[in-house]
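Colleague: Let me begin by handing over the structure; questions about it come next.
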Amino acid sequence: MSPRTPHNKRKVSLSHSRILTLVTFLFLTGRSYGQLAGNGNSGITTAANTVNGYFNIACTLLYAIGGIVGLIGAVKVFNAWNSGDPNTNKLAAAWFGSCVFLVVVATVLKSFFGVGA
């Protein structure tokens, strides 16, 4: 069979029409979404305000986690001290350091990004 039979021409013609339909559909869809998007300034402003609102909550959460870690550390240090563990000072320093780190991170992030009151 020759490649130029009417059957093959019909397939080629049909595929061109499908491609044309697909391109037209994508073009019209892209235009409609482009009109809905705008310039993006309002979306960026909304996102910045949302993140700003969550930032204060996240810092408060860090303070709460620091308090819980401090309580757990105090109990562990107390148990080590009562059992006569010679590494009690090292354990106390490690737990105290982790609590201070959480509080300092929250405070530094607030001051660095200028967020919060």
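Each residue of the sequence shown is one higher than the one before, counting from 1 in the working numbering.
Cβ atoms here follow ideal geometry from the backbone N, Cα and C, with glycine treated the same way.
Source: prediction; values computed, not measured.
Put Gly67 into one of helix, strand or coil per three-state DSSP.
Modeller: Of the three classes helix, strand and coil, the one that applies to Gly67 here is helix, per DSSP.
Colleague: Please state the DSSP three-state secondary structure of Asn87.
Modeller: Asn87 falls in the coil class under three-state DSSP.
Colleague: Using a Cβ-Cβ cutoff of less than 8 Å, which residues in the same chain neighbour Asn52 once the five nearest sequence positions on both sides are dropped?
Modeller: Val115.
Colleague: Thinking C-beta only, is Ser98 closer than 7 Å to Val77?
Modeller: Taking 7 Å as the Cβ cut-off, Val77 and Ser98 do not qualify as a contacting pair.
Colleague: In three-state DSSP terms, what is Val100?
Modeller: If DSSP states are grouped into helix, strand and coil, Val100 belongs with the helices.
Colleague: Where does Leu118 land, buried or exposed, given buried means 16+ other C-beta within 10 angstroms?
Modeller: The structure shown does not extend to residue 118, since the chain is modelled only from 1 through 117, so no value can be given for it.
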